[in-house]
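A.B. asks:
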Amino acid sequence: MREVAVIAFAQTEHTDHDEGLTDFELIHPVIQEVKERSGLSRFGFTCSGSCDYLAGAPFSFVSALDALGAWPPISESHVEMDAAWALYEAWVRLQHGDVDSALVYGFGKSSMGDLREIMTLQLDPYYLAPLGLDQVSFAALQASAYGAGRAELDEIVRRSRADGRNNPRALDLDDPSGEEFAVQPLRPYDVAPITDGAAAIVLAAGDLARELAERPAWITGIAHRIEPHYLGMRDLTRSPSAEAAGRAAGVGKGPVDVAELHAQFSHEELILREALELPAETVVNPSGGPLAANPVMATGLIRIGEAAARILDGGAGRTVAHATSGPCLQHNLVTVLEA
Amino acid sequence: MPSEPLVAEHALEFPGGYTRTTGPVIGRFLTELRDGRIVGVRTAEGRVLVPPLEYEPETGEPVTGDYVEVGPAGTVMSWAWVESPRKGHPLDRPFAWALIKLDGADTALVHAVGADDAKAMRPGLRVRPRWKPEADRIGHITDISCFVPEVTAMVAPIRMEYRVRPGRSLSRFLEGVRDGVFLAGRCTHCDKVYVPFRTSCPECGSAISEEVELPDTGTVTTFAINNLPDPRAPEVPFVSAYIQLDGADVPMIALVADVPAHEVRQGMRVRAVWAPPEERTLSMANIRWFAPTGEPDVEL
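As you go down the protein sequences, you meet chains A and B in turn.
So that you can map any letter, position 182 of the first sequence is 911 in this note's numbering, and since no number is skipped, the others follow by simple counting.
So that you can map any letter, position 217 of the second sequence is 219 in this note's numbering, and since no number is skipped, the others follow by simple counting.
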């Protein structure tokens, strides 16, 4: 495998409301920031992740290219997924050996529509979407199947929000309180907040990475695995695909200082900790994680960015980032980063 | 710059809905649903997938052409309760989402369960489909309106009417109460005084012929604080107590009032509060309740 590293990461100051920016206005500052940090202004490959249903417009990602400077023509691709998968595509592209750098970005404004119902559209269109099964409802089915304890969930939310308050990019959310349910057994605070935001990462291979970064965050393992789409065909009490991806990425081959997990519901953190067999001493989501800021389609990429940032800043030696897609942790991407 | 932010309302819609072809496997399932049947499809390994998929999820092998009728009853594997239904939801009242393993199936179906409240839901709950009327079924997952719990209990209305007479002992006692006195019976054999008046001794079985008039004062021997309203009580909470009338050997049950409930205690001295003489009838209602006399407590 060709050595590839994260050498720069930037993200917006995420908001819980629409700041009135178009997608390219949202992205432009973070693209500028990673260009400055990496010292690169052109890239061998560019890949983004976003979802047209968030904006309610087809090919909405195309206009986002205005933020890049796509002339003379650039080599560009897009995934209709969280931008963590755009990073995976860029990593694969760098394995070809003919280009040495890649720009990856993701963005989403959940404030514009109804995220719970937008996420219904990703479901099986014959058996599930016509029932109107919304995002919080299917997550609650998994929480119920897993049977998480209330105190344990509350503690995850409390810790995530406290860490989020210390992260200037995340939302300022109060300690969880209230007895009402969103969909039982989930309370409103078990659900990641509606967030607008964007993030960008620069990847560089081999010597270019060493040249541009003092302490590159080397991707020593990256893998994704998926499960059947129909919820009733799966064991919702665990995440076999996260388990398999974690094993393939080599999570267990060394200590894990920090793990950034794409848990959009508090119980998902418990399932993911088990799937990735994270030791008790691993610090989980020190950024606050998705429960403190969830700019959909950038949230997974931010996990990789945050895990890489701990290495770039010298705070950690080996970190793990997880990203997910699909209902109830259906599809999972695990990245191992090392100094 | 405009002073108000510009906002436009925007809808993304396929007017009339988006038409999808079903293929043979899903088409068979939806066709059977329209006819009021639920079928699964058998995989090469012999598992029955419900709802049918075109490929076995674990191996990717195409499923067989063998369709198996399942259910209609099934078992709830796990559930989530929706207290406030959303506009896209299948029911417009609180309901549960559930993974339901239909009898004969090896996988679970996701659907709604129309239960009265979250307390009615549990893993293991047996449910059956509630079908839309045949004329309204079109070959769609919502041809099943929802699942409903199997019947495990029913309510049988029972009401009988009787004419009841108090009997000789109680009639005699009530005559006393109408006249403002408590009549007791004394067993000469046991030397015990029973109130209300009775014609036989519950201890030795002897006939009682001696009537004794007792005063309307007594002592609380034990009591309970009641938090459910009762038409006889002046307020909630109220106190019902055993009161041993002076001169009696057994206590009588009555209300205690004109005192905060938390101040009532064992050994407290009380006196009957009577209805005014002109309102009195042959009824215990003549004694409204007992109220503290203010005398020192009695050692029981």
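Backbone N, C-alpha and C define an ideal beta-carbon position, used for all residues, glycine too.
Using only the alpha-carbon positions, how far apart do G106(B) and V50(B) sit?
C.D. replies: 7 angstroms
A.B. asks: In terms of alpha-carbon separation, which member of G837(A), L860(A) and M848(A) lies closest to T744(A)?
C.D. replies: G837(A)
A.B. asks: Assuming the contact rule is C-beta atoms closer than 8 angstroms, I948(A) and W820(A) should be a hit. Round their C-beta distance to whole Å, please.
C.D. replies: 6 angstroms
A.B. asks: Assuming Y959(A) contacts I143(B) under a Cβ cut-off of 8 angstroms, what Cβ separation, rounded to an integer in Å, is found between them?
C.D. replies: Going by Cβ atoms, the distance from Y959(A) to I143(B) rounds to 12 angstroms, so no, they are not a contact pair.
A.B. asks: Spatial neighbours of S995(A) within its chain, please: C-beta separation below 7 angstroms, excluding the five flanking residues on both sides.
C.D. replies: L882, I885, V886, D919 and L1020
A.B. asks: I'd like to know if the region 999 to 1008 of chain A and the region 965 to 975 of chain A are in contact, where contact means that at least 3 CB-CB pairs between them fall below 8 angstroms.
C.D. replies: yes
A.B. asks: To be precise: take each residue of the region 85 to 107 of chain B, compare its Cβ to all Cβ atoms of chain A, and keep it if any distance is under 7 angstroms. Which residues remain?
C.D. replies: E85, R88, G90, H91, P92, W99 and L101
A.B. asks: Just confirm the distance between the C-beta atoms of V258(B) and V272(B), as a whole number of angstroms; I'd bet it's less than 8 angstroms.
C.D. replies: The pair is a contact, with the Cβ atoms about 6 angstroms apart (cut-off 8 angstroms).
A.B. asks: In the structure shown, what three-state DSSP assignment does A1004(A) receive?
C.D. replies: helix
A.B. asks: Decide yes or no for the touch test of the region 267 to 283 of chain B against the region 170 to 182 of chain B: beta carbon pairs closer than 8 angstroms, at least 3 of them.
C.D. replies: yes
A.B. asks: Since L882(A) is in the alpha helix (DSSP H), which residue starts that stretch and which ends it?
C.D. replies: R879 to R894
A.B. asks: With distances taken Cα to Cα, identify the nearest neighbour of F772(A) among D904(A), W800(A) and L915(A).
C.D. replies: W800(A)
A.B. asks: Between the Cα of R234(B) and the Cα atoms of M286(B), A120(B) and L32(B), which residue gives the shortest distance?
C.D. replies: For R234(B), the nearest C-alpha among the options comes from M286(B).
A.B. asks: If you draw a straight line from the alpha carbon of I146(B) to that of S830(A), how long is it in whole angstroms?
C.D. replies: Rounded to the nearest angstrom, the two C-alpha atoms are 54 angstroms apart.
A.B. asks: Which residue's Cα is closest to the Cα of A784(A): A734(A), S840(A) and F738(A)?
C.D. replies: S840(A)
A.B. asks: Is V791(A) close to chain B? Criterion is C-beta to C-beta, closer than 8 angstroms.
C.D. replies: no
A.B. asks: Short check: CB of S777(A) to CB of A815(A), under 8 angstroms?
C.D. replies: yes
A.B. asks: Report back the beta-carbon spacing between A209(B) and Y196(B) to the nearest angstrom; my notes put them in contact at under 8 angstroms.
C.D. replies: So it is not a contact: roughly 13 angstroms between Cβ atoms.
A.B. asks: Would you mind giving the Cβ-Cβ distance between L823(A) and L900(A), rounded to the nearest angstrom? I have them listed as a contact below 8 angstroms.
C.D. replies: Actually they do not touch by this definition, with Cβ atoms about 33 angstroms apart.
A.B. asks: Enumerate in chain order the residues of its own chain whose CB-to-CB distance from D781(A) is below 8 angstroms, with the five nearest sequence positions on each side excluded.
C.D. replies: P787, F788, S789, F790 and E809
A.B. asks: With a threshold of 16 other CB atoms inside 10 Å of the CB of Y164(B), please say whether the residue is buried or exposed.
C.D. replies: exposed
A.B. asks: I want to verify the contact list: residues of chain B whose CB lies under 8 angstroms from the CB of T849(A), in sequence order.
C.D. replies: Chain B residues near T849(A): G90.
A.B. asks: Do you know offhand how far D795(A)'s Cα is from V41(B)'s?
C.D. replies: D795(A) and V41(B) have their C-alpha atoms roughly 51 angstroms apart.
A.B. asks: Decide if M123(B) is buried, meaning its Cβ has at least 16 other Cβ atoms within 10 Å, or exposed.
C.D. replies: buried
A.B. asks: With distances taken Cα to Cα, identify the nearest neighbour of D193(B) among L176(B), E177(B), E265(B) and E212(B).
C.D. replies: Checked all of L176(B), E177(B), E265(B) and E212(B); the closest Cα to D193(B) is E212(B).
A.B. asks: Compare the C-beta of I289(B) with all C-beta atoms of chain A and state if any pair is closer than 8 angstroms.
C.D. replies: For I289(B), the nearest beta carbon of chain A is not closer than 8 angstroms to its own beta carbon.
A.B. asks: Could you give the DSSP three-state label for M79(B): helix, strand or coil?
C.D. replies: strand
A.B. asks: In its own chain, which residues sit with a C-beta less than 7 angstroms from the C-beta of L862(A), not counting the 5 before and 5 after it?
C.D. replies: T849 and L852
A.B. asks: Between Y918(A) and chain B, is there a C-beta pair that is closer than 8 angstroms?
C.D. replies: no
A.B. asks: Can we count E60(B) as close to the ligand MG, meaning its CB is less than 7 angstroms from some heavy atom?
C.D. replies: The ligand MG is not part of this structure, which contains no ligands at all.
A.B. asks: For chain B, check one thing: does any of its Cβ atoms lie closer than 8 angstroms to the Cβ of V886(A)?
C.D. replies: no
A.B. asks: For the beta strand (DSSP E) containing R1047(A), name the first residue and the last one.
C.D. replies: R1047 to S1054
A.B. asks: Find the residues of chain B that neighbour V912(A), judging by a C-beta separation of less than 7 angstroms, and give them in chain order.
C.D. replies: A82, W83 and V84
A.B. asks: Would the region 1035 to 1046 of chain A count as touching the region 937 to 947 of chain A if we require 3 or more Cβ pairs under 8 angstroms?
C.D. replies: yes
A.B. asks: Okay, do the region 260 to 270 of chain B and the region 218 to 236 of chain B touch, 3+ Cβ pairs below 8 angstroms being the bar?
C.D. replies: yes
A.B. asks: Looking at the C-beta of P59(B), does it have a partner C-beta in chain A at a distance below 8 angstroms?
C.D. replies: yes
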